[in-house]
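Trainee: Mapping to full-length UniProt numbering: the sequence shown position 80 is 80, numbers consecutive.
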Amino acid sequence: MNDIRRRGLLLAFLALLSACERIPQDPEGTLDRIRDKQAIRVGIVSSGEKDASVQRALIARLQQATRANAVVERGATEPLLVKLQDGALDVVIGEFDTATPWNTHVTFVPETKTLADRGLKVASFAVARNGENEWITLLHREARSLEKQQ
């Protein structure tokens with residue numbers, strides 16, 4: 001390979017590398033907005049879970065990691081997930097049927113607690129909008145840290 005071609009490939013590689021300066025990133029700017037406005041819009045699924053300590057602990061970790069306060073809204077699963085998908089919420093935390101059709105529309109962060117409920121496989125998750133990868137990465141990190149503490 002001649003010297004000119006090698007330099008051309010090197011320049012092309014450097015140009016591509018500079019385009020990747022901030023990966024993962026959020027196309028909709030979720031994490032930047034949370035930090036700028038110092039508010040995390042959290043939906044809590046009102047599922048009757050007796051022990052909400054896992055939810056509270058995750059919210060506390062997210063507040064600490066982002067230096068933002070949680071603005072909590074409680075409700076039924078479906079309306080909260082619609083709000084999440086529409087960008088009106090940043091995260092939804094609660095119990096979800098593991099076979100939910102929402103699996104392809106939102107991102108489920110690793111389960112924080114698995115439960116058996118009336119024969120259904122139900123698990124406690126934090127859920128984020130698809131594609132908001134910087135925010136999802138932070139959610140994964142905080143959920144994993146929380147699991148290690150329990």
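Using N, Cα and C, we set each Cβ at its ideal position, and we do this for glycine too.
For the alpha helix (DSSP H) containing Arg56, list its first residue and its last residue.
Mentor: Walking along the sequence shown from the start, residue 56 turns up at place 56. Ser53 to Thr66 is the span of the alpha helix (DSSP H), which, as asked, contains Arg56.
Trainee: Less than 8 angstroms between the beta carbons of Ile44 and Gly94, yes or no?
Mentor: On the sequence shown, position 44 is the one that residue 44 refers to. On the sequence shown, position 94 is the one that residue 94 refers to. Their beta carbons are under 8 angstroms apart, which means Ile44 touches Gly94 by this criterion.
Trainee: Can you check which of these residues, Arg61, Asp97 and Glu73, is closest to Leu88 by C-alpha distance?
Mentor: Your numbering for residue 88 matches position 88 in the sequence shown. Here residue 88 turns out to be Ala, not Leu, going by the sequence shown. Nearest C-alpha to Ala88: Glu73.
Trainee: Taking DSSP's pairing of strands, which residues face Val45 in a bridge?
Mentor: The residue labelled residue 45 in the question sits at position 45 within the sequence shown. The partner list for Val45 (beta bridge, DSSP) reads Gly75.
Trainee: Please state the DSSP three-state secondary structure of Asn69.
Mentor: Looking up residue 69 in the sequence shown gives position 69. Looking at Asn69 - three-state DSSP - the assignment turns out to be strand.
Trainee: Just to confirm my understanding: we take Asp117, look at its own chain, exclude 5 residues before and 5 after, and list those with CB closer than 6 angstroms. What are they?
Mentor: As a first step, residue 117 must be located in the sequence shown, where it is residue number 117. Because the pLDDT of Asp117 is 49, which lies under 50, any placement of that residue in the model is unreliable, and the number read from its coordinates should be weighed accordingly. Excluding positions up to five away in sequence, the list is empty.
Trainee: With 16 other CB atoms within 10 Å as the buried threshold, where does Val82 fall?
Mentor: Stepping through the sequence shown from its first residue, residue 82 is reached at position 82. Val82 is exposed by the Cβ-count criterion.
Trainee: So which of Ser145, Asp3 and Ala68 has the shortest CA-CA distance to Val42?
Mentor: Position 42 of the sequence shown, counted from the start, is the residue given in the question as residue 42. Out of Ser145, Asp3 and Ala68, Ala68 has the C-alpha closest to the C-alpha of Val42.
Trainee: I think Leu9 touches Leu138, with their Cβ atoms under 8 angstroms apart; what is that distance to the nearest whole Å?
Mentor: For this step, residue 9 is matched to residue 9 along the sequence shown. For this step, residue 138 is matched to residue 138 along the sequence shown. 35 angstroms between Cβ atoms; not a contact.
Trainee: Alpha carbon to alpha carbon, what distance is there between Arg5 and Ala99?
Mentor: Counting from one through the sequence shown, the residue named residue 99 turns up at place 99. Counting from one through the sequence shown, the residue named residue 5 turns up at place 5. If I take the Cα positions, the gap works out to 52 angstroms.
Trainee: Which residue or residues does DSSP assign as beta-bridge partners of Ala99?
Mentor: Residue mapping note: residue 99 aligns to position 99 of the sequence shown, counting from 1. For Ala99, which the question treats as bridged, DSSP gives no partner whatsoever.
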